[in-house]
DNA sequence: CGTATCTTCCAAACCGGTTCGAATTTATTT
DNA sequence: AAATAAATTCGAACCGGTTTGGAAGATACG
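Residue numbers (my numbering), protein chains in the order written: chain G, 2 to 340; chain C, 2 to 340.
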């Protein structure tokens with residue numbers, strides 16, 4: 002059932018039917034009801050391809066996965082995507098996911114030139130993220146999850162990583178810890194840089210050392226968390242507390258602590274950032290993990306809404322948000338043992 | 002730059018240019034080269050919306066995420082999706098992801114009626130999966146990740162869960178274990194049912210008991226793995242070996258074993274199914290986990306290719322695959338302690 | 001009653017591709 | 001040399017919507 006057939010059934014023109022369905026004012030209310038009723042009865046849904054061609058809008062938001070890299074292997078990214086799809090769905094849009102095997106850049110070029118999406122979504126921002134420049138050069142509107150320090154303005158949503166780490170360090174320092182390590186994600190990520198800034202600042206304010214030796218950046222995996230923690234604990238003056246950038250890092254961190262014959266909480270404190278994944282809950286740790294919390298899924302939902310706003314002509318400059326994180330106190334953060 | 006402009010530049014008709022680009026035989030080779038060269042020079046990429054409208058093909062595969070449920074919260078599903086996007090990309094297709102908040106069924110209806118996708122992809126098949134019927138009723142081609150026991154034929158790719166569990170049990174029984182528990186995912190999943198069948202069969206062949214009390218189905222999370230294992234270990238005759246359906250379940254399982262003052266491997270054996278997620282590696286466990294392995298990402302890639310084949314007219318009946326799993330022996334499976 | 005203003009509807013053009021049927025040119029056969 | 005076949009190319013229709021520019025009829029106003 003297409004528009005022409007529907008119009009014929011009703012004895013109306015395509016124009017009138019189209020307008021009735023899209024809520025234009027110049028159509029008789031009685032006619033409109035008749036049209037809506039018929040559309041429902043015949044299960045009429047406009048062909049998206051035709052609609053897109055006519056309007057120039059694609060009705061979808063784009064996500065490009067770098068083919069080689071295992072970005073989606075990252076469960077946090079997967080969860081973000083779920084939220085994004087959800088948020089987009091609520092605004093009547095869909096997600097257009099492209100995985101390019103000939104380079105991420107090629108993916109953006111293709112989607113832009115083919116006019117396949119209205120807005121591009123970028124996540125996992127790098128400290129120096131070339132993609133932003135590329136997209137603005139291609140004239141493609143963009144919303145990012147995360148933000149860079151540069152002067153470029155673009156719609157984004159980020160969480161306050163810096164403040165999260167700062168508050169975690171404040172808590173640990175208040176408990177009496179003097180050597181607080183940072184087990185972080187990839188160093189080239191903007192979020193990692195922000196954490197580092199928060200860590201440096203907070204330690205400085207407490208008059209504590211913040212040597213580079215206390216920071217271990219690497220992939221956000223259990224394995225890296227384990228190896229980094231083992232290495233840090235093996236130093237002559239091992240840290241008594243660890244701040245981890247993700248639950249997976251924290252998982253490895255706790256395993257390393259146990260392997261060294263120490264107990265999380267009473268011997269070594271751990272605070273992790275929790276993105277709210279269902280598979281790895283802080284309460285499931287023994288002892289339960291103290292966390293900084295912010296739902297990555299909710300962030301995805303919101304970004305979908307922001308992107309929809311952008312399409313509908315909202316002011317891009319007024320479309321950014323930075324979310325505060327919650328510090329949730331549990332048993333893995335305690336005063337360091339006296340000696 | 003669109004087709005008409007490109008044709009004008011070349012002094013050719015739209016028809017010829019279109020045909021040259023799409024590899025039709027009835028265009029002079031010299032002309033074709035001229036066209037291809039010009040297309041490259043002007044960065045011409047066909048407008049996808051127009052192409053879709055004209056061909057009736059959408060060039061995309063559909064995935065519907067149940068809005069309320071947290072399916073993508075499942076990292077395994079995320080990884081599958083990454084592979085799927087990859088495989089689709091290699092065949093020149095994209096993924097169209099729809100998250101419906103008014104029910105999963107509505108999502109399928111919408112995508113089908115709007116002709117938004119060429120093939121629908123279904124994952125996490127249920128024992129009785131109504132979606133297959135719905136989609137075949139809607140006339141939408143479908144490829145599934147997983148298969149049901151019923152008589153319906155549809156293109157699918159599945160891994161041999163039954164054989165995986167069977168081989169795991171064989172190994173454990175061979176080592177001398179007499180009480181082998183199964184820590185499984187949601188009971189309504191077809192994969193869980195297959196595992197159960199494999200477990201029952203293998204135990205029976207070894208003359209061992211397979212009471213319902215030795216099976217714990219539930220969400221595939223660390224938490225369920227932990228609770229289930231604790232409960233099983235607390236029984237009067239605790240199992241000496243656990244077969245886990247996922248790495249997350251195994252993670253909780255190992256934690257529970259440690260919490261009971263036992264050691265994985267020497268006291269209690271554990272075998273898990275590994276989908277190949279980068280964040281949770283079996284080597285990272287202490288001791289390293291014995292696993293049945295099959296890359297869910299590779300499965301996603303292949304399903305993308307199968308779906309492309311379906312669009313190109315391959316015989317649906319000949320488009321199914323069941324992959325064998327690898328049994329990878331590591332230290333978590335050992336002979337039970339003598340007593 | 002003639003004219004201006006609304007309201008309501010429509011025919012036709014357009015979005016940017018694909019494809020059918022026919023026309024033109026070139027090669028082959030008789 | 002005429003007839004036939006093959007190789008190229010093109011004009012026009014089509015996919016299914018949206019949108020522009022009127023047109024017809026109803027209502028209001030002077």
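Cβ atoms here follow ideal geometry from the backbone N, Cα and C, with glycine treated the same way.
Query - Coil, strand or helix - residue 161 of chain C by DSSP - result: Shown here, residue 161 of chain C sits in coil according to DSSP, grouped into three states, outside any helix or strand.
Query raised in the report: What residues in the segment 224–246 of chain C bring their beta carbon closer than 8 Å to a beta carbon of chain G?
Result: Correct list: 224 and 227.
Report task. Thinking residue 192 of chain G and residue 186 of chain G are a contact (beta carbons under 8 Å), I'd like their distance in whole angstroms, please. Result -> A Cβ-Cβ separation of about 7 Å places residue 192 of chain G in contact with residue 186 of chain G under the 8 Å criterion.
Query - residue 245 of chain G in three-state terms, based on DSSP - result: Assignment of residue 245 of chain G by DSSP, reduced to helix, strand and coil, places it in the strand class.
Query raised in the report: Within the chosen definition, does the segment 158–173 of chain G reach the segment 281–295 of chain G through at least 3 CB pairs nearer than 8 Å?
Result: The answer is yes - the segment 281–295 of chain G touches the segment 158–173 of chain G, with three or more Cβ pairs under 8 Å.
Query raised in the report: Rounded to a whole number of angstroms, what is the C-alpha to C-alpha distance between residue 308 of chain C and residue 333 of chain C?
Result: Taken atom to atom, the span from the alpha-carbon of residue 308 of chain C to that of residue 333 of chain C is near 38 Å.
Requested in this report: Could you pull out every residue in the same chain whose Cβ sits closer than 8 Å to the Cβ of residue 73 of chain C, ignoring the five residues on either side in sequence?
Outcome: Only weak support is given to the placement of residue 73 of chain C: the predicted model assigns it a pLDDT of 49, under 50, and the question is left unresolved by the model.
Requested in this report: Go through its chain and collect everything with a Cβ distance to residue 337 of chain C's Cβ below 6 Å, but skip five positions before and after it.
Outcome: Within the same chain, and ignoring the five residues on either side of residue 337 of chain C in sequence, the residues whose Cβ sits closer than 6 Å to its Cβ are 177, 178 and 241.
Report task. Measure from the alpha carbon of residue 183 of chain C to the alpha carbon of each residue in C/205, C/142, C/115 and C/211, then state which is nearest. Result -> Nearest neighbour of residue 183 of chain C by Cα position, chosen from C/205, C/142, C/115 and C/211, turns out to be C/211.
Requested in this report: Could you have a look at residue 274 of chain C and say whether DSSP puts it in helix, strand or coil?
Outcome: In the three-state reduction of the DSSP assignment, residue 274 of chain C falls in the strand class.
**Report entry** Contact residues within the segment 196–228 of chain G, judged by C-beta distance below 7 Å to chain C
**Finding:** Close to chain C, meaning a Cβ-Cβ distance shorter than 7 Å, are the following residues of the segment 196–228 of chain G: 222, 223, 224 and 227.
Query - Cutoff 6 Å; reference residue 69 of chain C; Cβ partners in own chain excluding five residues on either side - result: For residue 69 of chain C, the predicted model reports a pLDDT of 49, less than 50, meaning its position is unreliable; a value from the coordinates is still stated below. For residue 69 of chain C, where only same-chain residues beyond five positions count, there are no Cβ hits under 6 Å.
Query raised in the report: If you draw a straight line from the C-alpha of residue 60 of chain G to the C-alpha of residue 91 of chain C, how long is it?
Result: Rounded to the nearest angstrom, the two C-alpha atoms are 24 Å apart.
**Report entry** Per-residue contacts from residue 249 of chain C into chain G (C-beta, under 9 Å)
**Finding:** One finds 280 and 281 in chain G with Cβ atoms closer than 9 Å to the Cβ of residue 249 of chain C, taken in chain order.
Query raised in the report: What's the C-alpha gap between residue 62 of chain G and residue 134 of chain C?
Result: As the crow flies, the alpha-carbon of residue 62 of chain G is around 30 Å from that of residue 134 of chain C.
Query raised in the report: Just checking my contact of residue 109 of chain C with residue 132 of chain C at CB under 8 Å: how many whole Å lie between their CB atoms?
Result: Contact flag correct, Cβ pair sits at about 7 Å.
Query raised in the report: Hey, which unbroken runs of the beta strand (DSSP E) at 3 residues or more fall wholly within the segment 188–267 of chain G?
Result: Segments of the beta strand (DSSP E) lying fully in the segment 188–267 of chain G: 216–218 and 242–245.
Query raised in the report: For the segment 263–337 of chain C, which segments carrying the beta strand (DSSP E) assignment without a break, of at least 3 residues, lie completely within its bounds, in sequence order?
Result: As far as the segment 263–337 of chain C is concerned, its whole beta strand (DSSP E) runs of at least 3 residues are 270–275, 291–294, 322–324 and 327–329.
Query raised in the report: If you measure from the beta carbon of residue 79 of chain G to each beta carbon in chain C, is any gap under 7 Å?
Result: At least one chain C Cβ lies under 7 Å of residue 79 of chain G.
Query raised in the report: Can you check whether the CB of residue 261 of chain C is closer than 7 Å to the CB of residue 278 of chain C?
Result: Here residue 278 of chain C is not near residue 261 of chain C, since their CB atoms are 7 Å or more apart.
Query raised in the report: Can you tell me where the beta strand (DSSP E) with residue 95 of chain C in it begins and where it stops?
Result: For residue 95 of chain C, the uninterrupted beta strand (DSSP E) segment begins and ends at 95–101.
Query - Chain-order list of residues whose beta-carbon lies under 8 Å from that of residue 118 of chain G (same chain, five-residue window excluded) - result: Excluding positions up to five away in sequence, the list reads 59, 61, 62, 63, 97, 112 and 141.
**Report entry** Straight-line Cα distance separating residue 26 of chain G from residue 19 of chain G
**Finding:** Pairing residue 19 of chain G with residue 26 of chain G, the inter-Cα distance amounts to about 12 Å.
Query raised in the report: If you pair each beta-carbon of the segment 147–159 of chain C with each one of the segment 307–322 of chain C, do three or more pairs fall below 8 Å?
Result: In short, these stretches touch, since the Cβ pair count reaches three.
Query raised in the report: Under 7 Å between C-beta atoms, does residue 46 of chain G make it to chain C?
Result: The beta carbon of residue 46 of chain G falls within 7 Å of a beta carbon belonging to chain C, placing the residue at that interface.
Query raised in the report: When DSSP labels each residue in this structure, what does residue 88 of chain G get in the three-state scheme?
Result: Correct three-state label for residue 88 of chain G: helix.
Requested in this report: Establish whether the CB of residue 116 of chain G and some CB of chain C are separated by less than 7 Å.
Outcome: Residue 116 of chain G counts as touching chain C.
Query raised in the report: Rounded to a whole number of angstroms, what is the C-alpha to C-alpha distance between residue 368 of chain C and residue 88 of chain C?
Result: Outside the modelled stretch of chain C, which goes from 2 to 340, sits residue 368 of chain C, for which no answer is possible.
Query raised in the report: Cβ of residue 29 of chain C less than 7 Å from any chain G Cβ?
Result: Cβ-Cβ to chain G under 7 Å: no for residue 29 of chain C.
Query raised in the report: With 7 Å set as the bound, which would you pick, yes or no: does the beta-carbon of residue 97 of chain G sit closer than that to a beta-carbon of chain C?
Result: Residue 97 of chain G counts as touching chain C.
Report task. Use the C-beta contact count for residue 43 of chain C: other C-beta atoms within 10 angstroms, 16 or more gives buried, fewer gives exposed. Result -> Residue 43 of chain C counts as exposed, since fewer than 16 other C-beta atoms from the protein chains shown sit within 10 angstroms of its C-beta.
Query raised in the report: Of the choices C/75, C/175 and C/145, whose alpha-carbon is the least far from that of residue 248 of chain C?
Result: Among C/75, C/175 and C/145, the Cα nearest to that of residue 248 of chain C is on C/75.
Query - Start and end residues, alpha helix (DSSP H) containing residue 19 of chain C - result: Unbroken alpha helix (DSSP H) run through residue 19 of chain C: 15–22.
Query raised in the report: Hey, would you say residue 149 of chain G sits closer than 7 Å to residue 126 of chain G, going by beta carbons?
Result: Contact: yes.
Report task. For residue 145 of chain C, return the contacting residues in chain G, with the cut-off set at a CB-CB distance below 9 Å. Result -> Per Cβ cutoff of 9 Å: no residues; residue 145 of chain C is ~19 Å from chain G at best.
Report task. Under 8 Å by Cβ, that's how I've got residue 13 of chain C and residue 40 of chain C pegged, so tell me the actual separation to the nearest angstrom. Result -> About 12 Å separates the two Cβ atoms, so there is no contact after all.
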